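Student: Following this message is one structure expressed as structure tokens.
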Amino acid sequence: MTTTRIPAKAIIVSAVIGCFQTAWPIMARAGERRATSARSEAAELLERVLAPPRVAYSGEIWVDRYGDPRESGRVRVQAAFPGRFRREAAGPDGKSTRIAVTDGGAEWLYDPSRRRAWKSIPASPDDKRRGPEEELALTMKNYSLRVAEGGRVAGRPARRIDILELNGSSPVRQLWIDEDYGLLLQEKRYRPDGVLAGWMRFQEIKIPAEIDPSVFQFSPPEGTRISTAPIEPDYMDLPSAQASAGMVPRVPGWLPPGYLFESADVLERRGVPILHCRYSDGVDVLSVFQMPAKTRFTHQGAPRKTFRLGGRRARVFLEGDRKIVEWLADDQRLLLIGPLPVHLLRRVAESFQ
């Protein structure tokens with residue numbers, strides 16, 4: 001029997017990208033502020049963050065995910081309208097550790113240390129199953145919003161949005177948004193117990209910026225091993241994903257209040273299709289990966305916890321503030337990834353059909 005091993009990092013990258021597309025777009029739009037009530041002002045600010053970028057900018061972001069130093073560090077960012085960007089993560093020595101770049105026609109993710117590159121078709125925000133208005137409505141249905149002065153971030157004037165649980169006083173997320181361009185300048189994420197889970201912040205930024213178009217071109221160095229994924233466009237519904245992956249999507253019978261199906265896509269690793277479904281409450285995202293049982297999931301660390309699920313053992317791994325639950329169901333392997341407490345992820349896993 002042929003066994004395909006899928007590294008945890010490949011799955012995590014896909015989950016993170018899905019999360020960014022759903023809940024953390026670093027986007028910008030020019031526009032004028034107007035005097036409104038606090039609630040409608042928060043809605044206006046979030047709408048601006050969700051809008052497609054229409055102004056070029058460049059800068060350096062610092063990212064810190066507590067508990068996962070591999071995902072922390074500096075990121076050089078350059079972006080231009082329409083749909084072009086380049087992001088380079090750098091290590092302590094200043095060398096690039098990961099590069100993501102697109103010219104709008106093809107998207108590349110390159111790992112210099114492994115000499116590996118992944119090429120895909122960039123997902124268009126216009127193809128999302130829920131538009132910006134629906135995403136905003138979902139967020140405002142499940143969370144309370146509070147607007148405050150944000151001071152200055154990287155020299156830019158900012159407004160701050162606190163996203164709180166309904167009837168709560170402690171934020172689950174805080175966003176600092178550029179007053180002039182609607183760009184997300186800083187974000188802080190909190191765990192359910194109120195502890196800071198991670199943050200990102202522009203340390204320096206130039207906006208608007210003049211950027212050479214060649215910055216958004218990428219040619220893999222000689223000797224680079226290239227993979228292509230996903231094999232189908234992003235933001236599919238379940239019937240389309242089933243036809244593409246050749247497997248019936250398993251759906252949870254229970255989700256935490258406020259979570260809805262967001263979209264699906266199909267990845268491919270060494271010829272093996274992997275079905276990826278996303279569920280969102282407007283802020284947080286749950287990712288479900290479904291693949292043949294013979295596809296082995298490899299992880300650098302030992303599981304932090306195990307429990308019985310359907311007569312088989314389920315394993316729980318930690319990746320920063322995210323948890324991964326892995327288990328077998330019939331002839332398939334499933335991975336559930338999200339920031340929820342383990343007892344809630346277990347309840348979701350137990351409800352799968």
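With my numbering as the guide, the letters of the sequence shown map in order to residues 1 to 353. We put the beta carbon where it would ideally sit given N, CA and C, even for glycine. Because the structure is a prediction, the values reported are computed rather than measured.
Along the beta strand (DSSP E) that carries A299, what are the first and last residues, could you check?
Tutor: Your numbering for residue 299 matches position 299 in the sequence shown. For the record, residue 299 in the displayed sequence is His; it is not Ala. No beta strand (DSSP E) contains H299, which DSSP labels as neither H nor E.
Student: So what does D162 bridge to, in DSSP terms?
Tutor: Locating residue 162 in the sequence shown gives position 162, counting from the first residue. For D162, which the question treats as bridged, DSSP gives the partners R146 and Q174.
Student: For a quick check, are the C-beta atoms of Q290 and M236 less than 8 Å apart?
Tutor: Numbered from 1 along the sequence shown, position 290 holds the residue referred to as residue 290. Numbered from 1 along the sequence shown, position 236 holds the residue referred to as residue 236. Going by C-beta atoms, Q290 is not nearer than 8 Å to M236.
Student: Following the continuous beta strand (DSSP E) through E350, name the residue where it begins and the one where it ends.
Tutor: Looking up residue 350 in the sequence shown gives position 350. Run containing E350: none in the beta strand (DSSP E); it sits in the alpha helix (DSSP H), V342 to E350.
Student: So the candidates are R346, E134 and I121; which of them puts its Cα closest to the Cα of L255?
Tutor: Start at 1 with the first residue of the sequence shown, and residue 255 comes out as number 255. The shortest C-alpha separation from L255 is found at R346.
Student: Who are the Cβ neighbours of V288 in its own chain at under 6 Å, not counting the five residues just before and after it?
Tutor: As a first step, residue 288 is located in the sequence shown; it is residue number 288 there, counting from the start. Closer than 6 Å at the Cβ level, and outside the excluded window around V288, lie C277 and L336.
Student: Which of the three DSSP states is assigned to E222 in this structure?
Tutor: Here residue 222 is taken as the residue at index 222 of the sequence shown, counted from 1. Looking at E222 - three-state DSSP - the assignment turns out to be coil, as it is neither helix nor strand.
Student: Count the other C-beta atoms from every protein chain shown that fall within 10 angstroms of the C-beta of P92, then say buried if there are 16 or more, exposed otherwise.
Tutor: One-based indexing of the sequence shown puts residue 92 at position 92. So P92 counts as exposed.
Student: Does E149 pass the burial test, meaning 16 or more other C-beta atoms within 10 Å, or should it be called exposed?
Tutor: In the sequence shown, the residue the question calls residue 149 occupies position 149. So E149 counts as exposed.
Student: Give the DSSP-derived three-state secondary structure of A28 in the structure shown.
Tutor: Locating residue 28 in the sequence shown gives position 28, where the first residue counts as 1. The pLDDT assigned to A28 is 30, lower than 50, so where the model puts this residue is not dependable, and the model offers no usable value.
Student: Can you say whether T139 is buried or exposed, counting buried as having 16 or more other CB atoms within 10 angstroms of its CB?
Tutor: Within the sequence shown, residue 139 is the residue found at index 139, counting from 1. Counting Cβ neighbours within 10 Å, T139 comes out buried, since at least 16 surround it.
Student: Nearest to A100 by CA position, among A90, R86 and P249, is which residue?
Tutor: Counting from one through the sequence shown, the residue named residue 100 turns up at place 100. Checked all of A90, R86 and P249; the closest Cα to A100 is R86.
Student: Exposed or buried, R333, counting other C-beta atoms within 10 Å across all chains shown (16 or more means buried)?
Tutor: Here residue 333 is taken as the residue at index 333 of the sequence shown, counted from 1. Buried: at least 16 other Cβ atoms inside 10 Å.
Student: Along the alpha helix (DSSP H) that carries Q374, what are the first and last residues, could you check?
Tutor: There is simply no residue 374 to check, as the chain begins at 1 and stops at 353 in what is shown.
Student: Is R322 near P339, with beta carbons less than 8 Å apart?
Tutor: Mapped onto the sequence shown, residue 322 falls at position 322. Mapped onto the sequence shown, residue 339 falls at position 339. It is a contact, given that the beta carbons lie within the stated cut-off.
Student: Could you tell me the distance, in whole angstroms, from the CA atom of S244 to the CA atom of L344?
Tutor: As a working note, residue 244 is residue 244 in the sequence shown. As a working note, residue 344 is residue 344 in the sequence shown. In a straight line, the C-alpha of S244 is about 30 Å away from that of L344.
Student: Measure the alpha-carbon distance for I177 versus E41 and round it to whole angstroms.
Tutor: Translated into positions along the sequence shown, residue 177 becomes position 177. Translated into positions along the sequence shown, residue 41 becomes position 41. If you take the alpha carbons of I177 and E41, they lie about 12 Å apart.
Student: Output needed for F81: all residues of its chain with C-beta closer than 6 Å, excluding positions within five of it in sequence on either side, in chain order.
Tutor: What you label residue 81 is simply residue 81 of the sequence shown in a count that begins at 1. P53 and R54.
Student: When the Cβ atoms of the stretch 158 to 166 are set against those of the stretch 266 to 275, are three or more pairs found closer than 8 Å?
Tutor: No, they do not touch.
Student: Along the beta strand (DSSP E) that carries F261, what are the first and last residues, could you check?
Tutor: To locate residue 261, count along the sequence shown from 1; it is residue 261. Element bounds for F261: L260 to R269.
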